[in-house]
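Q: All the letters of the sequence shown, read from the start, carry residue numbers 26 to 169 under the numbering used here.
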Amino acid sequence: MTKRKGCCRFFNGTVHDKCDAGVNYRQLVGGPDVGWLTRLPCHKKYRIDGYATCDKFTEPNEKEIAESQAVEEESLRHIKAILPYINRMKQKYGWDKPRRRGKRGTEQCPCPVCKEGTLKIEISGTNGHTCGRCSTAGCVNWME
Ligand code: SF4
Ligand SMILES: [Zn+2]
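#1: Under 8 Å between the Cβ atoms of Leu62 and Thr83?
#2: Which residues are close to ligand 2, meaning CB closer than 7 Å to any heavy atom, in chain order?
#3: Would you say Tyr110 and Ile148 are within 8 Å of each other, going by their C-beta atoms?
#4: Answer yes or no: does any C-beta atom of chain C fall closer than 8 Å to that of Glu99?
#5: Measure the alpha-carbon distance for Ala91 versus Glu97 and round it to whole angstroms.
#6: Given a threshold of 16 other Cβ atoms within 10 Å of its Cβ, counted over all protein chains shown, does His103 qualify as buried or as exposed?
#7: State the Cα-Cα distance for the pair Arg126 and Arg113, rounded to the nearest angstrom.
#8: Just the Cα atoms here: how many angstroms apart are Asn166 and Leu101?
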C-alpha cells in the first residue's frame, strides 16, 4: 500500500483483517456493522465525528513516502510493459469481449520488463483472468 501523508504508516487496506501493526480493524471500531469502515481512524482526511481512536496511529516520514512512491511507480511501469501481452492473450483466447466465454491457455515470451528472463502467462478458462511470472528472480509476478 502506498504511504501518504495523513494516512497511518500501518494501513494495509481493509481487504485484510488486521493492519501491519496487528490491530484488527473491525474490533477496533466496534459498534454496529452499518458504516463501520467510515469510523476507522487510519486516514485523517476521512475521519468522521466519533471515529474510533487508535494509539498506534503514526504517519510515515518523508523517506518512507518517497520509497513507497518509487515502488508504486516501478510497479506501474511493469504493468504498462506487460499489459499489451495480456491484452493480446485475452484476444487470442476469446476473453476480450464482455460476456464472452473464452478458453484457457499458456504462453511464453521474452520478458519486456527485465529483458533477460522468460515471461510465462496463463489465462484461466473460467473467467479469463491471467497470472504470470518471469523466470528472473525478483522480476514480475502477478495474479489477477
Ligand atoms: S490507525 Fe491503528 S488500526 Fe489504523 S492502520 Fe494505524 S495502527 Fe492500524
Ligand atoms: Zn523479467
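The beta carbon of each residue, even a glycine, is placed where N, CA and C say it ideally should be.
A: On the basis of the data shown:
#1: no
#2: Cys136, Val138, Cys139, Glu141, Gly142, Leu144, Cys159, Thr161, Cys164 and Val165
#3: no
#4: Absent here is chain C; the protein component of the structure consists of one chain.
#5: 10 Å
#6: buried
#7: 16 Å
#8: 13 Å
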